[in-house]
Amino acid sequence: MKKVYADEKWCLGCGLCNVYCRTCHSETNDIVKAHNFEEPRPKSRLHVETGEKVNFALQCRHCDDPKCVTACITGAMQKDPDIGLVTNDTDRCVGCWTCVLACPFGAIVRDEDAGKVAAKCDLCVKSGEPECVKHCPNNALKFEDRE
Amino acid sequence: MSLQLGWPDYMVIRDENRCIKCEVCAKQCANEVHKLDSDYDKMMADESKCVNCHRCVALCPTRALKIKVNDLEFKPNANWTGSAIKEIYKQASSGGVLLSGMGNTKPYPVYWDKMLINASQVTNPSIDPLREPMETSVLLGRKPEKLEFDKDGKLKTKMPPQVKLDVPVMFSAMSFGSISKNAHEALARAATDLNIMYNTGEGGLAKEFYQYGPNTIVQIASGRFGVHPEYLNAGAMLEIKIGQGAKPGIGGHLPGEKVGEAVSKARMIPRGSDAISPAPHHDIYSIEDLRQLIYSLKEATNYTKPVSVKIAAVHNSPAIASGIARAGADIIAIDGFRGGTGAAPSRVRDNVGIPIELALAAVDQRLREESIRNDVSLVVGGSIRNSADIVKAIALGADACYIASSALIAVGCHMCQNCYTGKCNWGIATQRDDLVKRLNPDIAYERLMNLITAWKHEIEELLGGMGINAIESLRGNRLMLRGIGLNQKELDILGIQHAGE
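Chains A and B, in that order, give the protein sequences. Reminder that position 28 of the first sequence reads as 27 in numbering that gives the first Met the number 0, one-by-one numbering, no gaps. Reminder that position 399 of the second sequence reads as 398 in numbering that gives the first Met the number 0, one-by-one numbering, no gaps.
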């Protein structure tokens, strides 16, 4: 399946991916409103690691054998058998954070503002191409099928 | 000196209603202008450090930023302008020479904008380049006086070495050191795929760039950095750099901070040492000396590559060009006073040299009068801004044009003219690892390809409009140009008539 891959060679650690991720997962879909006004404050589903030499953006790897799905106590976390996308059904999620503990990448975010649920990358299925990839200014994120 | 008599050149204007405090501006500014103040939870700016490079503006996701020239004014004075006063303040506090990057900023006449191109109407119909073949390729190098063929029609004359360009444009000399490795790589790759040439500059050539050899001009400058037999044979053309349009008559100085491991290897100098190019070549004090170097280089490359000599456009360029042609050069490159640079003393950059348009016309005329025009190809540079400038240059007599500022602008340069600080926020004129990586060569390569491809289309359109289907037929065809708003002396030097004549 197509996944988002970070190319740390070109990642500047600017954090624009975060901005667009949060916007894409907001109600208003407007950068300024999503960041300054919207309540509950929408959460970005990715994490930008920055360091002296290396930067990269990390989001859900949509694993073949997702530990979060196995660990989920309510069945909220599911892997789509056809397209391989791992999603969290926020109606069923009870915010026990077992998935957060189980994820080997630390890619699941706790969204306490939106009613104590787990938030994670959904590859922006609603807009086609992941927003982080679309807006990366240095082509440091690729949306590719590498399997 | 705690008292600063001047004030910041720019103002950072932030629309607080739009700012989302994402800190992208702060993370992207190598000059450390922006900062999130955690006490007030607000973005703050220290505009005294701003160079107006627009990196923050371009990356701000909400377009909350604007950089404006500081409108604080001195008492109006046509003679003591604000910049004249501020320059004195700067020098009085630093005691140093004023430095600048990129080209001349003064409002001297731009002759390209005072020349108009002809088009066919009714007679000699124009040509549609989308329907008919159009030749934009040129060959650079010495042309034989006549061609001889054997009885089968095969060429008997031995052709001197030539370099073929698909478009009459080349990326001019920018050394690895003055620009980043990624910028260098983008130029090399684009030149290869466009089948044009790029120029190493005087910084030698890293081994990994030898693969672009067929599209490489290797430069030999006064510092002779990185010059060795393998280097000379790595390119398809050689260039002796005598002068540069941005700073005629003076040498160069790459500060030690920019001489990291890769630059040190390519230049064959110790890491961290300043790379100083002397003002003259210390073995060239006459045309005869120049001839010796030209032929040394031809010997070293077994007479297989054309040798170019690059000079800055100065008052007596025509006589110098005549000497260069007679010294055995195959190509003369002339760089006008608006040409760019990584660093030049501002006074030199803004006051020395002459416009390339006048130098080109005068050199071409002189070489024709002396019947040695065919002995050399003429390449001109020094602020070629678009395809129309190229067409005008060719009509004035050039064989091809050198572009560098335009190429850098294509990959992101915003002409802030602070290349010499080594803190280029666009990853072009810097060797700082975190800044170099900002220029992804894949993106830069694509942008260069796009620019030259677009210019090629425009050149074809302009040629077609004139009813000409080959760039060779335009060369020196000054009847295709008319002056506008020029006096008789200027028209005489350019060798063109006034519009309406």
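Backbone N, C-alpha and C fix where the C-beta goes; we use that ideal spot for every residue, glycine too.
For Tyr284 (chain B), the three-state secondary structure derived from DSSP is coil.
Less than 9 Å separates the beta-carbon of Ile107 (chain A) from that of Cys59 (chain A). The C-beta of Leu35 (chain B) comes no closer than 9 Å to any C-beta of chain A. Contact annotation: His183 (chain B) and Met173 (chain B) have beta-carbon atoms nearer than 9 Å.
Residue environment analysis places Leu377 (chain B) among the buried positions, since at least 16 neighbouring C-beta atoms fall within 10 angstroms of its C-beta. Residues of chain B whose Cβ lies closer than 8 Å to the Cβ of Lys8 (chain A) are, in chain order, Lys436. Closer than 9 Å to the CB of His46 (chain A) there is not a single CB belonging to chain B. Judged by DSSP in its simplified three-state form, Leu485 (chain B) adopts coil rather than helix or strand.
Under DSSP, Leu237 (chain B) shares a beta bridge with B:Val217 and B:Val306. Taken in chain order, the unbroken stretches of beta strand (DSSP E) that lie wholly in the stretch 394-441 of chain B and span 3 residues or more are 399-402. The Cβ atoms of Cys55 (chain B) and Val96 (chain B) lie no closer than 9 Å to each other. When DSSP states are grouped into helix, strand and coil, Thr135 (chain B) belongs to the coil group. Against chain B, a Cβ distance below 8 Å from Cys13 (chain A) picks out Val23, Lys26, Gln27 and Leu58. Put simply, the backbone Cα of Asp8 (chain B) is about 32 Å away from that of Asp388 (chain B). Of the candidates B:Glu131, B:Val313, B:Leu253 and B:Ser321, B:Ser321 places its Cα closest to the Cα of Arg290 (chain B). Within the stretch 448-494 of chain B, the runs of alpha helix (DSSP H) at least 4 residues long that lie entirely inside it are, in chain order, 487-493. Bridge partners of His46 (chain A) according to DSSP: A:Leu57.
Nearest in C-alpha terms to Asn137 (chain A), of all of B:Val435, B:Val313 and B:Gly475, is B:Val435. A straight line joining the alpha-carbon of His413 (chain B) with that of His252 (chain B) spans about 23 Å. Using a Cβ-Cβ cut-off of 9 Å, Asn117 (chain B) does not count as an interface residue toward chain A, since no Cβ of chain A sits closer than that to its own. Those residues of the stretch 59-73 of chain B placed with their C-beta closer than 7 Å to a C-beta in chain A are Pro60 and Thr61, ordered along the chain. Burial check for Gln364 (chain B): the Cβ neighbour count within 10 Å reaches 16 or more, so the residue is buried. Burial is judged here by how many other beta carbons sit within 10 angstroms of a residue's own beta carbon; His33 (chain B) has at least 16 and is buried.
Note that the C-beta distance between Ile283 (chain B) and Ile310 (chain B) is not below 9 Å.
Here Glu72 (chain B) is exposed, its C-beta having fewer than 16 other C-beta atoms within 10 Å. Buried is the label assigned to Ile268 (chain B), since at least 16 other Cβ atoms lie within 10 Å of its Cβ. Gln3 (chain B) carries a coil assignment under DSSP once its states are collapsed to helix, strand and coil. Contact of Arg17 (chain B) with chain A is assigned, a C-beta pair being separated by under 9 Å. In chain order, Ile19, Pro60 and Thr61 make up the part of chain B whose C-beta sits under 8 Å from the C-beta of Ile30 (chain A).
Residue-level contact by beta carbon fails for Lys119 (chain A) and chain B, as no gap is shorter than 9 Å. Three or more beta-carbon pairs separated by less than 8 Å are not found between the stretch 438-452 of chain B and the stretch 354-361 of chain B, which leaves the two stretches without contact.
In the three-state scheme derived from DSSP, where H, G and I count as helix and E and B as strand, Thr86 (chain A) is classed as strand. With a contact defined as Cβ atoms closer than 8 Å, Asp329 (chain B) and Ala312 (chain B) miss out at about 20 Å. With a cut-off of 8 Å on Cβ pairs, the stretch 483-499 of chain B is in contact with the stretch 98-114 of chain B, counting three or more such pairs. Excluding five sequence positions before and after Ala113 (chain A), the CB atoms of its chain that fall closer than 6 Å to its own CB belong to Pro39, given in chain order.
Assignment of beta-bridge partners to Val379 (chain B) by DSSP yields B:Ile333 and B:Cys400.
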